[in-house]
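Input: a single structure, listed below in structure tokens.
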Amino acid sequence: MAIYWVGDIQGCDAPLARLLDEVAFSPSRDQLIVLGDLVNRGPDSVGVLRRLMALQGSVQCLLGNHDLHALAVALGHSHTKRLDTLDGLLQAPDREALIGWLRQQHLALWSHGVLSVHAGVLPGWTLAQTLSLADEVQAVLRGPDLPYFLAHMYGNEPAAWRDDLTGLARWRVVVNALTRLRFCAADGTMEFATKDSAALAPAGFMPWFDVPGRRTADITVAFGHWSTLGRPDRSNVWALDTGCVWGGCLSAMRQADDGHRSLVQVVCEQAQVPG
Numbered sequence: 004m005a006i007y008w009v010g011d012i013q014g015c016d017a018p019l020a021r022l023l024d025e026v027a028f029s030p031s032r033d034q035l036i037v038l039g040d041l042v043n044r045g046p047d048s049v050g051v052l053r054r055l056m057a058l059q060g061s062v063q064c065l066l067g068n069h070d071l072h073a074l075a076v077a078l079g080h081s082h083t084k085r086l087d088t089l090d091g092l093l094q095a096p097d098r099e100a101l102i103g104w105l106r107q108q109h110l111a112l113w114s115h116g117v118l119s120v121h122a123g124v125l126p127g128w129t130l131a132q133t134l135s136l137a138d139e140v141q142a143v144l145r146g147p148d149l150p151y152f153l154a155h156m157y158g159n160e161p162a163a164w165r166d167d168l169t170g171l172a173r174w175r176v177v178v179n180a181l182t183r184l185r186f187c188a189a190d191g192t193m194e195f196a197t198k199d200s201a202a203l204a205p206a207g208f209m210p211w212f213d214v215p216g217r218r219t220a221d222i223t224v225a226f227g228h229w230s231t232l233g234r235p236d237r238s239n240v241w242a243l244d245t246g247c248v249w250g251g252c253l254s255a256m257r258q259a260d261d262g263h264r265s266l267v268q269v270v271c272e273q274a275q276v277p278g
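Position one of the sequence shown corresponds to residue 4 (my numbering), numbered consecutively onward.
Given below as structure tokens:
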């Protein structure tokens, strides 16, 4: 048995198929954890979703910002953007099943000693708090309040967590941290304008995983979202978005039965202009 944590696929079904072939993935033996941004920007979001759905109990998926955007567009609470490639999903004959499955996915997972998120974790959150807050918003995504939430999901405020936040403000901070975060100030204030590498952090901010006193610093965190980051020089921070949709690689961290971990990559042919 092996566990694979896979970075952002973004509608690139052919590289995903090659990766699964490369590792001889067996649904009866192995487990797959996909770190969000399953869809959009690549050529075959529908193929990705159908492939993952077919794996049933051998796969767990996180929701990224592109997946939430796809839900908002599909349910009439947002419009497609210039570089979106969501038409295939929106026009698919099994659209309702695909959207329904997407709604059931996670915002955070704790599995095999690894915390998995799409983007980041606020420095003041413990593991237990992160999972609890993710569960809270997952319930909204799966329940009758989804249209209300999607209609008000977008926005950068509040920019920091407070325990007294309620309703939409509370949910938005959780979603922004788990699906959009790259840079963070020491006090937990989030910054969303900068998409560059860690070396180009805006004044007063740093990569979220470098904030002193981060309460999840003693556990391994796997995440995607940040294709320009590179690989942090530490064993318990796995940055697995390596820009597949931009012509980079699709990357997976493999954990074998004996606990040995190794990086697996396949080259991606998809090449868009980031935007």
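Virtual Cβ for every residue (Gly too), placed ideally from N, Cα, C.
Practice item. Return the bridge partner residues of P210 from the DSSP annotation. Key: Per DSSP, the beta bridge partners of P210 are F186.
Check your understanding: Are the beta-carbon atoms belonging to G50 and D16 less than 7 angstroms from one another?
Key -> Taking 7 angstroms as the Cβ cut-off, G50 and D16 qualify as a contacting pair.
Exercise for review: Check W104 in the structure and name its three-state DSSP category.
Suggested key: Helix, per DSSP.
Review point. Distance, Cα to Cα, A154 vs N68?
Key: Roughly 15 angstroms separates the two Cα atoms.
Check your understanding: What did DSSP end up calling A242 once you bin it into helix, strand or coil?
Key -> In the structure shown, the three-state DSSP call for A242 is strand.
Practice item. Specify the secondary structure class of H155 as computed by DSSP and reduced to three states. Key: For H155, the secondary structure class from DSSP, reduced to helix, strand or coil, is coil.
Practice item. Report the three-state DSSP secondary structure of Q94 (helix, strand or coil). Key: Here Q94 sits in coil by DSSP.
Point to revise | Any chain D beta carbon closer than 7 angstroms to L92 | key: No chain D is part of this structure, which consists of one protein chain only.
Check your understanding: If you count every other CB in all the chains shown that lies within 10 Å of the CB of V9, and 16 or more means buried, which is it?
Key -> With 16 or more other Cβ atoms within 10 Å, it is buried.
Review point. G123 and L184: beta carbons closer than 7 angstroms?
Key: With contacts defined as CB atoms closer than 7 angstroms, G123 and L184 qualify as a contacting pair.
Review point. Cα-Cα, which of V176, T169 and L58 is closest to N159?
Key: Per the Cα distances, V176.
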